[in-house]
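Notes follow the structure.
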Amino acid sequence: MNILEQGQEGPVMKAMLKKFEPGEDRFTDVAHTRSEETGCVILDDAVSVLECTVTDRMDAGDHYVVYGTVNSGKVLNDGLSAVHHRKSGTSY
């Protein structure tokens, strides 16, 4: 899980909300590296990162809620973390 800096979440949100074909790499347009230990994506602009192991998944209608156990974490940069609020229950 990448925690983005307040005010810097726009480009990542734009990249993640576009349509993708099954199997297509969602991170092509976002600067990132992969953790040597877990292979988790670490975004270059993240304030901090939590590397997790998925332990369960719950069907929630048109999406899933994913549960995980945090294996490690680190602060990468100084800054306030972003908090995303939806405009309404039906759209972003």
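Positions 1258 to 1349 (my numbering) are the ones given, in order, by the sequence shown. Backbone N, C-alpha and C fix where the C-beta goes; we use that ideal spot for every residue, glycine too.
Judged by DSSP in its simplified three-state form, Met-1258 adopts coil rather than helix or strand.
Beta bridge pairing from DSSP links Cys-1309 with Val-1327. A distance below 6 Å between beta-carbons, with the five flanking residues on each side excluded, links Gly-1336 to the following residues of its chain, in chain order: Glu-1262, Val-1304. A check of alpha carbon separations from Thr-1295 across Thr-1326, Gln-1265, Lys-1276, Val-1269 identifies Thr-1326 as the nearest.
With contacts defined by Cβ atoms closer than 8 Å, Leu-1274 and Val-1287 do not form a contacting pair.
Listed in chain order, the non-local C-beta contacts of Thr-1290 below 6 Å within the same chain comprise Ile-1299, local neighbours out to five positions each way being set aside. At a Cβ-Cβ threshold of 8 Å, Glu-1308 and Ser-1329 count as neighbours.
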